[in-house]
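Participant: Okay, handing you the structure first.
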Amino acid sequence: MATLNDEVLKRTHTCGQLRAEDVGKHVRLCGWVRSYRDHGGVIFIDLRDRTGITQIVFDLPTPAHLPEAGGCGGQAGMPQHKDNAEEVAMYDLARTLRAEWVISISGLVRPRGQGRENPKLPTGRIEVLGDTLTVLNESKPVPFSPDEYTDVSEDARLRYRYIDLRRPEMARALMMRHRICKAMRDVLDAAGFIEVETPFLTKSTPEGARDFLVPSRLQQGTFYALPQSPQLFKQILMVSGLEKYYQIVRCFRDEDLRADRQPEFTQLDMEMSFVTEADVIAAITPVFRDICKLAQKPFPDEVPVLTYDQAVSLYGIDRPDMRFELFLRDASQIVAASEFQVFADALAARGVVKGVCVPGGAKFTRKEIDAYTAYAGDFGAKGLAWCKLEAGQMVGGVAKFVTAQMQARLRDAFGAKDGDLLFFIADTPAGANKALAALRCKLGRDLKLYDENDFAWCWVTRFPLVEWNEEEKRWDAMHHPFTSPRPEDLDKLETDPGSVKARAYDIVCNGLELGGGSIRMHRPDIQRRVFKMLGISDEQAQSRFGFFLEALEYGAPPHGGIALGLDRIVMVMVGGQSLRDVIAFPKTQKGICPLTGAPSVVDDKQLRELDIRIITPPK
Ligand code: ASP
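In our numbering, each number is its position in the sequence shown, counted from 1, plus 4.
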């Protein structure tokens, strides 16, 4: 049996590598004991590393007095005949192995033999007959097995992340992440982009979220903000003449975490000078093309482009899932004269009656319709009106309020035919769109209107520059306050901000926004006007963005860029369900890292150095 010397670390192969062609080779593997089975006289070990699993066999040695003593000795390249006592010791050691111990073995690759092959494993046609075994480290009994994690709480998986990451899917996700980052760098490098790092300890850049603050020890009473994105720095790099910048960079946003958010996340951030929207789109498209190629996902030659208005009108949302048709239609005009009170009230309040035609939906039971109503209710709908089409007639639900003439027009507008069902929501335009967009996606899933392997990409352009914040009674930037209005809308900046369109664009895949950017304002006077329209006074603009406005005064070129959400892209490419599946050390929904226990209280000494006192708020 080998002792721990450097030799035992010299692997000849990885655990995912050996194939039938390797039979007869003498190899050395290192890894973790995934499982062990003692069949009395034969011990089977599944040995795992990040590349896969190989079956190792330890045979009980034949007693020394028998002629075959020496077991597997004799082949070319093999250690010669071994002492029988040593083999017995190795076998005994093999019997002590337990899950997740770290071992090094050497041995002969041999075919598994008839009926013992495992076609599901790439290495399933061979096994290694162990002739040396070294225990590199033992493991305490693991809180969960990396291979049986599905019933394990996510908290446990994150607390013992090092065990969770031993799962092949996690290793694959991190590997894919690495390769995607490399593809991003390769494409942009070839196109003349330069990766530049920008500071983490900086001043607030608004992306619509709360800042994480870091107290300064040297300038007591002051704080750095962790960047929500490198937005201002990348624009300043354009002023500095860098022309083509990119960075794979961490961004920090202190938001209440929804399922698909993390407080720190990674972007591919880029910016270029002397460009229009089309140039930025043309520069970033090959990045997606290469990522899809390596992840073996489809990417179209021509990505469809929708305006924001088209997307919202047809899909109810600015990130449409275009894997399936099932378009929303505005029925307001058609049902304007209906006696259905809910429709009349909504229309009188300048709302809309919008709906969707469900192919084959006439077979929905009352219970199913109620379930869809409840689902729409989760997205704010106060109700869901419906009617079915049967034998050329609308029946059920609101059909009695729909005249024959309206019926004909509805059938036309929705392309509805016998056997279909119409759902309607009467609400404000935003309210109706929100609930219908969600309902549409649920219908798409439930009715299997697309295949899990389908991919649908689109660009969405011409967003509104601002949206009305009813709570704060002010206009908020829809992307961020550095996005340029379209030049033809400049006149309306002060008089009708809601109608101003932005030079902004998002890329959407399967209903997920994977990136967004814009052409920026390079002229300080326009930037100042936009700040003012957003309710940022000259003084506030000066104190928050004075450095940036000043930079714009010194020869800022026209410029624009985009940022792609790396975590989301990897999630889509590996088919993950959560961002936590593709981030090595993510936070929980409460912003906690169960592995390290962050955030945590700090020493009094650390607080004193920062001149910070914690005052427990009154209960
Ligand atoms: N800074 C923006 C963001 O993080 C992206 C951009 O406009 O380039 O969403």
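Built from N, CA and C at the ideal position, the CB exists for glycine as well. What you are looking at is a predicted structure, and each value in this text was computed from that prediction instead of being measured.
Going by C-alpha to C-alpha distance, which of THR499, ILE429 and PHE347 sits closest to ALA378?
Facilitator: Here residue 378 refers to the residue found at position 374 of the sequence shown. Taking only the C-alpha atoms, the option nearest ALA378 is ILE429.
Participant: On the CB-based measure, 16 or more other CB atoms within 10 Å of its CB, does ILE618 come out buried or exposed?
Facilitator: As a first step, residue 618 must be located in the sequence shown, where it is residue number 614. With fewer than 16 other Cβ atoms within 10 Å, it is exposed.
Participant: Just to confirm, are VAL309 and ALA335 a CB contact at a threshold of 8 angstroms?
Facilitator: Walking along the sequence shown from the start, residue 309 turns up at place 305. Walking along the sequence shown from the start, residue 335 turns up at place 331. Taking 8 angstroms as the Cβ cut-off, VAL309 and ALA335 do not qualify as a contacting pair.
Participant: Could you say which of PRO115, THR138 and GLY128 lies nearest to ASP10 if we only look at CA atoms?
Facilitator: Taking the first residue of the sequence shown as position 1, residue 10 is located at position 6. Here the closest residue by C-alpha is THR138.
Participant: Span of the alpha helix (DSSP H) holding CYS445?
Facilitator: As a position in the sequence shown, residue 445 is number 441, starting the count at 1. Per DSSP, CYS445 belongs to the alpha helix (DSSP H) from 433-450.
Participant: Is ILE566 close to the ligand ASP? I mean its beta-carbon at under 7 angstroms from any heavy atom of the ligand.
Facilitator: Start at 1 with the first residue of the sequence shown, and residue 566 comes out as number 562. Indeed, a heavy atom of the ligand ASP lies less than 7 angstroms from the Cβ.
Participant: The alpha helix (DSSP H) that contains GLN703, what's its start and end?
Facilitator: Nothing in the structure corresponds to residue 703, since the chain is present only between 5 and 623.
Participant: When DSSP builds the beta bridges, which residues end up paired with PRO353?
Facilitator: Residue numbering aside, residue 353 sits at position 349 when the sequence shown is read from its first letter. Sequence inspection shows Ala at residue 353; the Pro mentioned does not correspond to that position. For ALA353, which the question treats as bridged, DSSP gives no partner whatsoever.
Participant: Where CYS296 and TYR250 are concerned, what is the direct C-alpha to C-alpha distance, given to the nearest angstrom?
Facilitator: Residue mapping note: residue 296 aligns to position 292 of the sequence shown, counting from 1. Residue mapping note: residue 250 aligns to position 246 of the sequence shown, counting from 1. Their backbone Cα atoms lie some 20 angstroms apart in a straight line.
Participant: On the DSSP bridge assignment, give the partners of THR206 in chain order.
Facilitator: The residue you call residue 206 lines up with position 202 of the sequence shown. THR206 is bridged to ALA229.
Participant: Does the distance from the C-beta atom of LEU133 to that of VAL61 stay below 8 angstroms?
Facilitator: Taking the first residue of the sequence shown as 1, we reach residue 133 at position 129. Taking the first residue of the sequence shown as 1, we reach residue 61 at position 57. LEU133 places its beta carbon less than 8 angstroms from that of VAL61.
Participant: Using the rule of at least 16 other Cβ atoms within 10 Å of the residue's Cβ for burial, across every protein chain shown, is ASP141 buried or exposed?
Facilitator: As a working note, residue 141 is residue 137 in the sequence shown. Contrary to the premise, residue 141 reads as Asn rather than Asp in this sequence. Exposed is the call here.
Participant: Measuring alpha carbon to alpha carbon, tell me which of GLY44, PRO433 and GLY396 ends up nearest ASP416.
Facilitator: Counting from 1 along the sequence shown, the entry for residue 416 is found at position 412. Among GLY44, PRO433 and GLY396, the Cα nearest to that of ASP416 is on GLY396.
Participant: What would DSSP say about MET326, mapped onto helix, strand or coil?
Facilitator: The sequence position of residue 326 within the sequence shown is 322, counting from 1. MET326: coil per DSSP, three-state reduction.
Participant: Roughly how far, in whole angstroms, is the beta-carbon of VAL644 from the beta-carbon of THR16, given that I think they are within contact range, below 8 angstroms?
Facilitator: In the structure as shown, the chain starts at 5 and stops at 623, and residue 644 therefore has no counterpart that could be examined.
Participant: Can you give me the C-alpha to C-alpha distance between HIS483 and THR202, rounded to a whole angstrom?
Facilitator: As a working note, residue 483 is residue 479 in the sequence shown. As a working note, residue 202 is residue 198 in the sequence shown. Those two C-alpha atoms are separated by around 21 angstroms.
Participant: Please report how far the alpha carbon of SER220 lies from the alpha carbon of THR226, in whole angstroms.
Facilitator: Along the sequence shown, read from residue 1 onward, the residue named residue 220 stands at position 216. Along the sequence shown, read from residue 1 onward, the residue named residue 226 stands at position 222. Approximately 6 angstroms, taken between the alpha carbons.
Participant: What three-state label does DSSP hand CYS19 in the structure shown?
Facilitator: On the sequence shown, residue 19 is found 15 positions in, with the first residue counted as 1. Three-state result, CYS19: coil.
Participant: Just to confirm my understanding: we take PRO324, look at its own chain, exclude 5 residues before and 5 after, and list those with CB closer than 6 angstroms. What are they?
Facilitator: In the sequence shown, residue 324 corresponds to position 320, counting from 1. ALA315, listed in sequence order.
Participant: Can you tell me which of the three DSSP states ASP135 falls into?
Facilitator: Within the sequence shown, numbered from 1, the residue matching residue 135 stands at position 131. Strand, per DSSP.
Participant: Kindly identify the DSSP beta-bridge partner or partners of ALA430.
Facilitator: Translated into positions along the sequence shown, residue 430 becomes position 426. According to DSSP, which records beta bridges pairwise, ALA430 is partnered with VAL357.
Participant: Would you decide whether ASP273 is buried or exposed? Buried here means 16 or more other CB atoms lie within 10 Å of its CB.
Facilitator: Taking the first residue of the sequence shown as position 1, residue 273 is located at position 269. Buried, by the Cβ-count rule.
Participant: Whole angstroms is fine: what's the gap from VAL578's alpha carbon to GLU259's?
Facilitator: The sequence position of residue 578 within the sequence shown is 574, counting from 1. The sequence position of residue 259 within the sequence shown is 255, counting from 1. Approximately 26 angstroms between the Cα atoms of the pair.
Participant: Using only CA atoms, which one of GLU275, ILE49, GLU557 and ALA389 lies nearest to LEU568?
Facilitator: Walking along the sequence shown from the start, residue 568 turns up at place 564. Out of GLU275, ILE49, GLU557 and ALA389, GLU275 has the C-alpha closest to the C-alpha of LEU568.
Participant: Please state if the CB of LYS238 and the CB of GLY565 are separated by a distance shorter than 8 angstroms.
Facilitator: For this step, residue 565 is matched to residue 561 along the sequence shown. For this step, residue 238 is matched to residue 234 along the sequence shown. Yes, the Cβ-Cβ distance between GLY565 and LYS238 is below 8 angstroms.
Participant: Where do the N-terminal and C-terminal ends of the alpha helix (DSSP H) with TYR166 fall, by residue?
Facilitator: One-based indexing of the sequence shown puts residue 166 at position 162. 165-168 is the span of the alpha helix (DSSP H), which, as asked, contains TYR166.
Participant: By how many angstroms is the C-alpha of ARG170 removed from the C-alpha of GLU158?
Facilitator: Position 154 of the sequence shown holds residue 158. Position 166 of the sequence shown holds residue 170. Going from the Cα of GLU158 to the Cα of ARG170 covers about 15 angstroms.
Participant: Would you check if the distance between the CB atom of ARG327 and the CB atom of ASN514 is smaller than 8 angstroms?
Facilitator: Your numbering for residue 327 matches position 323 in the sequence shown. Your numbering for residue 514 matches position 510 in the sequence shown. Yes, they are a contact pair.
Participant: Taking the alpha-carbon positions, what's the GLU543 to ILE240 distance?
Facilitator: Taking the first residue of the sequence shown as 1, we reach residue 543 at position 539. Taking the first residue of the sequence shown as 1, we reach residue 240 at position 236. Cα-Cα distance, rounded: 21 angstroms.
Participant: Quick one: grab the DSSP three-state call for ILE321.
Facilitator: In the sequence shown, residue 321 corresponds to position 317, counting from 1. Correct three-state label for ILE321: coil.
Participant: Who are the Cβ neighbours of GLY559 in its own chain at under 8 angstroms, not counting the five residues just before and after it?
Facilitator: Locating residue 559 in the sequence shown gives position 555, where the first residue counts as 1. Once the five neighbours on either side are set aside, the close Cβ partners of GLY559 are VAL243.
Participant: Between the region 122-136 and the region 42-62, do at least 3 Cβ pairs fall closer than 8 angstroms?
Facilitator: yes
Participant: Are LEU463 and ILE285 closer than 8 angstroms when you measure CB to CB?
Facilitator: Within the sequence shown, numbered from 1, the residue matching residue 463 stands at position 459. Within the sequence shown, numbered from 1, the residue matching residue 285 stands at position 281. This sequence places Trp at residue 463; Leu is not what is there. Yes, the pair counts as a contact, with Cβ atoms nearer than the cut-off.
Participant: When we look at the beta-carbon of PHE256 and count the other beta-carbons within 10 Å, is it buried (16 or more) or exposed?
Facilitator: Here residue 256 is taken as the residue at index 252 of the sequence shown, counted from 1. PHE256 comes out buried.
Participant: Span of the beta strand (DSSP E) holding PHE368?
Facilitator: Position 364 of the sequence shown holds residue 368. Segment: none, PHE368 is in no beta strand (DSSP E) and carries neither H nor E.
Participant: Which whole-angstrom value describes the C-beta separation of THR136 and MET94, a residue pair presumed to lie in contact below a C-beta threshold of 8 angstroms?
Facilitator: The residue labelled residue 136 in the question sits at position 132 within the sequence shown. The residue labelled residue 94 in the question sits at position 90 within the sequence shown. Confirmed, Cβ separation roughly 7 angstroms.
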